[in-house]
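All residue numbers for the sequence shown refer to numbering that gives the first Met the number 0, where the first residue is 0 and numbers rise by one.
Here is the structure we will look at.
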Amino acid sequence: MNLQARCAIFDEDVERLKHNDKVVELIFKKPINVTINQWIEPEERVHIKMDEKGYRILQDVKKIFFVLGGGHILIKHREVYGC
Numbered sequence: 000m001n002l003q004a005r006c007a008i009f010d011e012d013v014e015r016l017k018h019n020d021k022v023v024e025l026i027f028k029k030p031i032n033v034t035i036n037q038w039i040e041p042e043e044r045v046h047i048k049m050d051e052k053g054y055r056i057l058q059d060v061k062k063i064f065f066v067l068g069g070g071h072i073l074i075k076h077r078e079v080y081g082c
């Protein structure tokens, strides 16, 4: 997943998508960590969780939301969805 676009979508936007598009929503009983396609510069690595290759890890993800028609994937990290 590429979050470098830095978009943020809130719950009300997701509810609108659910009513207007074909979607799949994954809800995890226990939050998981998800590695995304955002490489972190070496000087920024002190503050950001990442894997051994330098890619960012989102911690404690509770929901992943797939918009089937548009091919978008939204991951709920903290209180907003990133795309």
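Backbone N, C-alpha and C define an ideal beta-carbon position, used for all residues, glycine too.
Computed from a prediction, not measured in an experiment: that's the story for all the values here.
Short Cβ contact (7 Å threshold) for residue i with residue j
i, j, result
"I72", "F65", "yes"
"P30", "K61", "yes"
"I47", "I39", "yes"
"D59", "T34", "no"
CA nearest to the CA of residue i, picked from the options
i, options, result
"I56", "E40, H76 and N32", "N32"
"E42", "F9, G53, N36 and L67", "G53"
"H18", "G68, Y80, G81 and H76", "G68"
Which residues DSSP lists as bridging residue i, in chain order
i, result
"K61", "Its beta-bridge partners do not exist; DSSP assigns none."
"H71", "V66"
Contact belief for residue i with residue j at Cβ below 8 Å, rounded distance in angstroms
i, j, result
"G81", "A7", "7 Å"
"L16", "V22", "6 Å"
Mind listing, in chain order, the continuous beta strand (DSSP E) runs of no fewer than 3 residues lying wholly within the stretch 21 to 56? The qualifying runs are 22 to 38.
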